[in-house]
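J.: Got a structure here, written out as structure tokens. Questions coming.
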Amino acid sequence: MTKPEFSKGLEGVIAAESRICKIDGEQGKLYYCGYSITDLVENCSFEEVTYLLLYGELPNRRQLDAFTLKMRANRKLPEPVKDMIRSFPERAHPMELLQSVIAYLSGYTEHQIHHGPDCYCTDTLHQVAQLPSVIAGHWRTRNGRELVDPRADLSHGANFLYMLTGEVPDERDGRLMDASLVLHAEHSFNASTFTARVVASTMSTCYCSISAAMGALYGSLHGGANERVMEMVDEIGSVEAVSGYVKKALDEKRKIMGMGHRVYRAKDPRAVAIEGYLRDLSERKGNQDYYSILKEIERVFRERMEEAGKPIYPNVDFFSGAVYRLLGIPRELFTPVFAMARAAGWLSHILEQRAGNRLYRPKAYYTGEIDRPFVPLDRR
Ligand SMILES: CC(C)(COP(=O)(O)OP(=O)(O)OC[C@H]1O[C@@H](n2cnc3c(N)ncnc32)[C@H](O)[C@@H]1OP(=O)(O)O)[C@@H](O)C(=O)NCCC(=O)NCCS
């Protein structure tokens, strides 16, 4: 039999129709529900963008106020969830806690029925509203500190920083945290979003779908590149050492973290936005070290890529790690913070999947044997 054509890793396969996100990789543009990411990040709160992703339209003032109120009212964790956070194994990664806790939270919906096609996640918004409380609570527990209760007068991002550090952040830091969440909220059919849709297509709960997506995001080929960018920045240590490091890495065919993307052939628009924020933040904090090293890496890297004719540019992860560090977020929380933002996109895709559902069931090209002679157990 001739080998059928197939696409390993589903590369290039269009698996569904979607109205949520458009990536124009050639032009370096990104749209949520038709709105440019540049407009959204400059003008909208994370709550506003979550509304857009869930309902497909930007809210008016009244709708936004009601939605914001609902999200903020759901931030507080039930006591048993706090107990779970406190008793989670110390050595476990926060992403493992997030995967478990999301499924656990399903027991705290007000509705009796939350299985099957009826989905109440837009009412409870648990998975979006409570993730910051879980992440901050876990971090504080592991560092021997008491959990900090959420505050309803702070934005999603500012409240996260407050619960993490116990101090109300500078207003500009809070806004920057929100902006970063907006930039990470959605990115089409990536591995974790596709995972969420596959699970949702079985008519499983939105909790189980998001829990599965969390597992996919944890993997080092998906979330986590910004952690490795900061490891590289620490290893390089100074602007003077950049050129030697980058050239050696490329000569040895090693990849430079935070560079390149499967879809973008231009600079990732999220990287453009977050670079601007990093520049301002570095100035405000009086610490230009990370920004200077990153810009020098970009310069040396791009020079080499131009020589080789390769359209490889910084992606969002290249600058985001430095922003998080300057905001006081530890490296281990970079992927959980990504999850905190992406939960909005996952939820949006789960709802879209349910609305026009067809069970995902691809085929495999079987390469094993058939009709093997069966040998009974005592003769093997
Ligand atoms: C994101 C990524 C996996 C996309 O990969 P991809 O589309 O499958 O592209 P490939 O890995 O096949 O790379 C294609 C070519 O570009 C080169 N390339 C891609 N990213 C590179 C990088 N970060 N540094 C150096 N070279 C890179 C590859 O070496 C390869 O060169 P070759 O054709 O001479 O062999 C890849 O760019 C990467 O590993 N980047 C670093 C990790 C990262 O930042 N991930 C976060 C993504 S948001």
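Per the numbering used here, the very first residue in the sequence shown carries number 1; after that it's consecutive.
Note that CB positions come from ideal geometry on N, CA and C, so glycine has one too.
(1) Would you check whether ligand 1 has a heavy atom nearer than 8 Å to the C-beta of K8?
(2) Which of helix, strand or coil does DSSP assign to Y218?
(3) My understanding is that F318 touches L351, with C-beta atoms under 8 Å, so please give their C-beta distance in whole angstroms.
(4) Distance, Cα to Cα, I135 vs Q353?
(5) In three-state DSSP terms, what is K285?
(6) Leaving out the 5 sequence neighbours to the left and right, which residues in its chain are closer than 7 Å to A285 when beta-carbon positions are compared?
(7) Straight-line CA distance for A266 to P373?
(8) Within its chain, find whatever has a CB closer than 7 Å to the CB of V246; leave out the 5 residues flanking it on each side and keep chain order.
(9) Three or more C-beta pairs closer than 8 Å, one from the stretch 274-289 and one from the stretch 213-232: is that the case here?
(10) Since K29 sits in a beta bridge, which residues does DSSP pair it with?
(11) Less than 8 Å between the CB of I256 and some heavy atom of ligand 1, yes or no?
(12) Can you tell which of Y51, E47, E26 and K22 has the C-alpha that lies nearest to the C-alpha of I37?
(13) Could you tell me the distance, in whole angstroms, from the CA atom of A152 to the CA atom of A73?
(14) In three-state DSSP terms, what is Y360?
(15) Given a cut-off of 9 Å on the beta-carbon distance, is the pair G107 and V229 in contact?
(16) Please go through the same chain and pick out, in chain order, the residues whose beta-carbon is closer than 7 Å to the beta-carbon of V41, but skip the five residues on each side of it.
(17) Cα separation between E240 and P150?
(18) Hey, would you say R140 sits closer than 9 Å to L164, going by beta carbons?
(19) Just mark S7 as buried or exposed, buried being the case when its beta carbon has 16 or more other beta carbons within 10 Å.
(20) Tell me the rounded alpha-carbon separation between I236 and V148.
T.: So, from the listed chains and residues:
(1) For the purposes of this step, residue 8 is taken as residue 8 along the sequence shown, with counting starting at 1. Checking every heavy atom of ligand 1 against the Cβ of K8, none is found closer than 8 Å.
(2) In the sequence shown, residue 218 corresponds to position 218, counting from 1. It is helical.
(3) Within the sequence shown, numbered from 1, the residue matching residue 318 stands at position 318. Within the sequence shown, numbered from 1, the residue matching residue 351 stands at position 351. Contact flag wrong, Cβ pair sits at about 31 Å.
(4) Taking the first residue of the sequence shown as position 1, residue 135 is located at position 135. Taking the first residue of the sequence shown as position 1, residue 353 is located at position 353. Cα to Cα, I135 sits roughly 28 Å from Q353.
(5) Numbered from 1 along the sequence shown, position 285 holds the residue referred to as residue 285. In this structure, K285 counts as helix in the three-state DSSP scheme.
(6) On the sequence shown, residue 285 is found 285 positions in, with the first residue counted as 1. It is Lys, not Ala, that sits at residue 285 in the sequence shown. Only L326 meet the Cβ criterion.
(7) As a working note, residue 266 is residue 266 in the sequence shown. As a working note, residue 373 is residue 373 in the sequence shown. Between A266 and P373, the C-alpha separation is close to 56 Å.
(8) Counting from one through the sequence shown, the residue named residue 246 turns up at place 246. Counting only Cβ-Cβ distances below 7 Å, and skipping sequence neighbours, we find I256, I297, V300 and F301.
(9) no
(10) Looking up residue 29 in the sequence shown gives position 29. K29 pairs with D24.
(11) In the sequence shown, the residue the question calls residue 256 occupies position 256. Yes, since a heavy atom of ligand 1 falls inside the 8 Å radius drawn around the Cβ of I256.
(12) Locating residue 37 in the sequence shown gives position 37, where the first residue counts as 1. Answer by Cα proximity: K22.
(13) Counting from 1 along the sequence shown, the entry for residue 152 is found at position 152. Counting from 1 along the sequence shown, the entry for residue 73 is found at position 73. Their backbone Cα atoms lie some 7 Å apart in a straight line.
(14) Along the sequence shown, read from residue 1 onward, the residue named residue 360 stands at position 360. Three-state result, Y360: coil.
(15) Locating residue 107 in the sequence shown gives position 107, counting from the first residue. Locating residue 229 in the sequence shown gives position 229, counting from the first residue. It is not a contact, given that the beta carbons lie outside the stated cut-off.
(16) As a working mapping, residue 41 is identified with position 41 in the sequence shown. Excluding positions up to five away in sequence, the list reads A179, V182, L183 and A273.
(17) Residue mapping note: residue 240 aligns to position 240 of the sequence shown, counting from 1. Residue mapping note: residue 150 aligns to position 150 of the sequence shown, counting from 1. Distance between the alpha carbons of E240 and P150: 43 Å.
(18) As a position in the sequence shown, residue 140 is number 140, starting the count at 1. As a position in the sequence shown, residue 164 is number 164, starting the count at 1. For R140 and L164, yes; Cβs fall inside 9 Å.
(19) Indexing the sequence shown from 1 puts residue 7 at position 7. Flag for S7 reads exposed.
(20) For the purposes of this step, residue 236 is taken as the residue at position 236 of the sequence shown. For the purposes of this step, residue 148 is taken as the residue at position 148 of the sequence shown. About 36 Å.
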